[in-house]
Structures are given as C-alpha cells and as structure tokens.
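J.: Pasting a structure here, questions to come.
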Amino acid sequence: DSSVVRRDRYSGGPARDFLSSMAADTHIFAADLAVDRAHVTMLAEQGIIPAETAGEIFDALEEIEAAGHEALPDGEDVHEAIETAVIERVGPEGGKMHTGRSRNDEVASCLRFQLRADLLEALDAVIAFRETLLSVAGDNLDTVMPGYTHLQPAQPTTVAHYLASYESAAARDTERLLDAYDRTNRSPLGAAALAGTPFDVDRERTAELLGFDSIVENSLDAVAGRDFLLEALSAIAGLTVTLSGLAEDLIFYANRGYITLDDDYASTSSIMPQKKNPDSLELVRATAGDAAGALQGLMTTITGLPRAYNRDLQRATPHVWEPVADITEATEVAAGAVGTLDWNEAVLEDAAGEGFSTATGIADRLAMSGLPFRTAHEIVATTAQTLESAGELDDGAPDEAATIEALAAATEATTGSELETYVDREELTALLDPAASVAARDSRGGPAPSQVEQALADARSEVEAD
Ligand code: ARG
C-alpha cells in the first residue's frame, strides 16, 4: 500500500513521538469513528465508492470501536491509525475510506463533534447548578445576611438575594455556552485539505448524518478556523469567574461561621485533627486559573497562523479538553456544596447588623423627610464616627440607644433642628433592624422578599426554557 510507504518515509525517525497526537486523540476516538461512518455513508450514497466496500469498512470500524483506542496500530494521529486499522482488516479497498477528504477537514470535524458533546455536559452542569441556587434561595427569602463591599459590612441583604445574584450570572454563562455551541455545531467535512475536492461529495449530507446544524461554507475557513475552540473556552472561562467568586465568598462565610459545609465537601488535615477545611471550594476557585491559562495558551497558539492548515493546530486542542472537563466537574461540585451546606441563621442575623450596616437606611429616611441626601449622609457619617470612637463598631451591631443618641446630636449640629423634626425615635428602632431594612429595599431587583420572590419565579421559568 503506497500510502503506508509514504508515511514510513515522512513520519519515522526520532521526531515520531513528538509529531504524534495519539495520546491527546483518545478524546476524539469515538468522534473519528462517527466522522468516518458519515463520510463512508455519503461516499456510497453518492456512488463514489461501491456499497460493498462501504459495508466492509463499516464492519472494520465496528471491530476497531470494540477493541478501543489502546488497540489501535501506531500512527501519527487517531485518524491515520484508524485508517491503517481499516486497511489491515479490509485490504487495500479500505483505503477508499479517505476518498474526497483530508485529515484537515477530518480533524476539524472530530473536534467540533466532540466539543459539542462536552459543551452539552457543561450546560447540563450549569443548569443543575442554577436550579440548586434557586431552590436554596427559595428556602431563604427571609434569611438576612450581611452584604459586603470592599469585604466590609455594607448593607443587609438576604441569602435568597445573594444566591439569586449568582444564578443571574450563571444564566449569562449559559447563554454564552449556548452561543459557543451554535457556532461549534457546523460541519467542516468535505473541505478536504483546503481546496475542496473534485469528487461529487454531499457536504450537507455528512453534516446531517453527524447532527451538525449547517456547514462551514468556505473550504479554507473550514480547515483553518479554530475560533469555535476559543469561543467555547472563553465561555468556560467566564463560568469559572462566576464559580470562583461564589467559592471565595463561601470560604469566607465558612471562616466567619455563617455557613457550615457538609462533611462531603470539606477535608480535614493530616496533622491537625480539629480541622474542617473548605478544600473542595478552594479547588473550584482554582479552576479559574486553569481556564485563564488555557485561554491564553490557545489564543497564543492560533494567533498569526497563515491560511490554511498548520500543524500548530494539533497543539491547540489540548488547551480545551481538560479545562472543559474539569470545570464541568467544578460546577457539579459547587452545586453539591451549595445544596448541602447549612446557613447559620442566628449568626447571620447578628452579623447582618454589624458595622452600622443599616446606616444607609437612616440616611434614606432623613432624605425622605426633605433633607438633601448629601446632608443626611453627612449626619449619619458623623453618627458613625461617634459610634466608632465609642467602640460601638468593633463587635456586632452598635447599641441602639447609643446610635439614636449620636444621631440626634449630629442632626442638631448639622441642621439646628431636633431629630424628631425628621423622624420619630420609634421608627428609627425599626430602621436599625436588618430584617426591616431588607424589607424596605423593595426597589426592582432589590433584596426585599417580595422582589426576590418575583425574581426567583422569573429565573425558574428561564432555567426551564434553557
Ligand atoms: N493530528 C492533526 C491535528 O490534530 C491532524 C493531522 C493533519 N495533519 C497534516 N499534516 N495536515 O491537527
């Protein structure tokens, strides 16, 4: 067989292992068999190869599939190895399998075929993650917790509002993954090496057989384009930004005693017997680093490549497989951790008032009585300063009586009028309560249970649609 002779001449020698992608190609073994079957079916349907030969090739492919990737003969890559294995079984007629195609359109087809499946798995995981967030949120509409800016207590919010915020981000991650899926799901098969083929191939047919939505029209573009990898990996990297933020929060919340992780999602120390560490969340957080590195690697590898196919592309793919699989797993782990942890309501409630976190509500209330918001802000800032000097902000919520007294003094000093001109003391007591503060923040998208309930209902129907 002349093709075998040529391969021996050009692919032997000390560089053989370096040239080979056999190891990484494990991931596209099944995809290559599918692409081979679709191509051979089309060739027979078009009368390009005899139906009998196609039948023999199918039988050989079945055997090769059963034997598995490890049983393949040596080859530069899985495409060559499978072809060699077909020829070993069928004889020289088996070489008709590669009519009207090249490894260039073949590998691009395999990558798209496999990535499509990987993206579907990632999407399943993200959707399940969103469902978990929504379900836990639904159970915690009234569970107040501190909301932070700069990692300092800022304003009270609720566990439901907090979790729904991550669900919103994950919904956009879903959109990006679906977009990437759409552009991945197009068939390059039939583009051959770069310039099409004189055989009367039916590209629409192989696309249909492989479940692709459409074809990549231009044959140069079809073999050279790897932007679908970039887009998929970017979507995955975006997802890790969501996951890593959540993981970081939960690690911090565990540290503060706001949550208790289920033992299944914690680890202990090999030396310190008392330790319960949030290891699984730390590993979720770290996948963002993997994704960022892989994205940089892929981008650099494919930037500046001339048209059309270059072997550099062989090294582009491994940047994608591992992060996609790892991050899908990280998404499942994050969902598991969120779904099983306990929110420690009493600790959260105490913490929600920490650091005079209801101060903005007081300023808002003074402004509602007609004071310019900036003046109200000043009065409450002075109040906070007084409380801080008195050590009231060191631990837990400031004492209520001390707060009202300081506020009264600041109001008089700033406006020359008594505090009661603007708001009576009874109402202030309510304003200082984190739960009341949350309930009052019922602007659209805010933490008031009525708002969050609506948001959760909307999000639930969107998850269902996805
Ligand atoms: N294994 C290669 C890849 O992954 C495909 C082979 C195409 N080789 C070639 N010399 N044109 O990109």
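Residue numbers (the UniProt record's numbering): 7 to 472.
Each residue gets a CB set at the ideal place from its N, CA and C atoms; glycine is no exception.
(1) Is it a yes or a no for the stretch 177-195 touching the stretch 389-397, going by three-plus beta-carbon pairs under 8 Å?
(2) Looking at the secondary structure, which residues open and close the alpha helix (DSSP H) in which residue 475 lies?
(3) Is the beta carbon of S27 within less than 7 Å of some heavy atom of ligand 1?
(4) Under 7 Å from any heavy atom of ligand 1, does the C-beta of R109 make it?
(5) Please tell me whether N146 has its Cβ less than 8 Å away from any Cβ of chain D.
(6) Within this structure, are the beta carbons of L216 and S193 separated by less than 8 Å?
(7) Helix, strand or coil for M278? Go by DSSP, reduced to three states.
(8) Determine whether the beta carbon atoms of T105 and I34 lie at a separation below 8 Å.
(9) Return yes when the Cβ of T334 is within less than 8 Å of the Cβ of A134, no when it is not.
(10) Tell me whether L319, by its Cβ, gets closer than 7 Å to a heavy atom of ligand 1.
(11) Using only alpha-carbon positions, find the residue among R431, G74, G422, G153 that is nearest to T409.
(12) For the alpha helix (DSSP H) that Y259 lies in, which residues bound it at each end?
(13) List the whole-angstrom C-beta distance separating W349 from T149, where the pair is believed to meet the contact cut-off of C-beta under 8 Å.
(14) Can you tell me which of the three DSSP states P159 falls into?
(15) Could I get the ranges of all uninterrupted alpha helix (DSSP H) runs contained in the stretch 365-447, with 4 residues as the minimum, in chain order?
(16) Label V11 either buried or exposed according to how many other C-beta atoms from any shown protein chain fall within 10 Å of its C-beta, with 16 as the threshold for buried.
(17) Helix, strand or coil for I54? Go by DSSP, reduced to three states.
(18) With respect to 7 Å, is the separation between the Cβ of V222 and the closest non-hydrogen atom of ligand 1 below this value?
(19) Would you kindly check if the distance between the Cβ of A297 and the Cβ of V243 is under 8 Å?
(20) What are the boundary residues of the alpha helix (DSSP H) that includes V469?
(21) Select from T180, V142, A166 the residue whose C-alpha is nearest the C-alpha of V132.
(22) Can you determine whether any heavy atom of ligand 1 sits closer than 7 Å to the C-beta of V41, and answer yes or no?
(23) Within a Cβ cutoff of 7 Å, which residues of the same chain sit near E459, ignoring the five residues on either side of it in sequence?
(24) Taking D208 and M48 to be in contact with their CB atoms under 8 Å, please state how far apart those CB atoms are, rounded to whole angstroms.
(25) Using the Cα positions of A248 and L117, report the straight-line distance between them to the nearest angstrom.
(26) Would a C-beta distance cut-off of 8 Å place I257 and L287 closer than the cut-off?
(27) Short of 8 Å in beta carbon distance, which residues of its chain neighbour A454, apart from the five on each side in sequence? Order them along the chain.
(28) If you draw a straight line from the C-alpha of A197 to the C-alpha of R178, how long is it?
(29) List the whole-angstrom C-beta distance separating T307 from R321, where the pair is believed to meet the contact cut-off of C-beta under 8 Å.
(30) Given a threshold of 16 other Cβ atoms within 10 Å of its Cβ, counted over all protein chains shown, does G376 qualify as buried or as exposed?
(31) Going by Cα to Cα distance, which pick from G81, H85, A166, L399 is closest to F24?
(32) Starting from residue 3, follow its DSSP beta bridges and name the residues at the other end.
(33) Given 8 Å as the limit, is there contact between the stretch 359-372 and the stretch 275-284, that is, 3 or more CB pairs closer than that?
(34) Taking buried to mean at least 16 other C-beta atoms within 10 Å of its own C-beta, is T274 buried or exposed?
T.: If we stick to the structure as given:
(1) no
(2) Outside the shown range of the chain (7 to 472) lies residue 475, about which nothing can therefore be said.
(3) Relative to ligand 1, S27 has its C-beta within less than 7 Å of a heavy atom.
(4) yes
(5) Absence of chain D from the displayed structure is noted, only one protein chain being present.
(6) A Cβ-Cβ contact shorter than 8 Å links L216 with S193.
(7) Of the three classes helix, strand and coil, the one that applies to M278 here is coil, per DSSP.
(8) Cβ atoms of T105 and I34: not closer than 8 Å.
(9) no
(10) yes
(11) R431
(12) 233-262
(13) 6 Å
(14) strand
(15) 365-374, 379-395, 406-421, 431-437, 440-446
(16) Confidence is the limiting factor: at V11 the pLDDT is only 46, short of 50, which leaves the residue's position unreliable and the question unanswerable from this model.
(17) coil
(18) no
(19) Here residue 243 is Ala; the residue named in the question, Val, does not match the sequence. Cβ distance < 8 Å, so A243 and A297 count as in contact.
(20) Looking at the DSSP string, the run of the alpha helix (DSSP H) that includes V469 is 455-471.
(21) Between V132 and the set T180, V142, A166, the nearest pair of CA atoms involves T180.
(22) no
(23) L147
(24) 5 Å
(25) Per the sequence presented here, residue 248 reads as Thr, with Ala not at that position. The straight-line gap from Cα to Cα measures roughly 26 Å.
(26) yes
(27) V444, A445, A446, R447, D448
(28) 34 Å
(29) 6 Å
(30) exposed
(31) G81
(32) Examination of residue 3 is not possible in this model, given that the chain is present from 7 through 472 alone.
(33) no
(34) exposed
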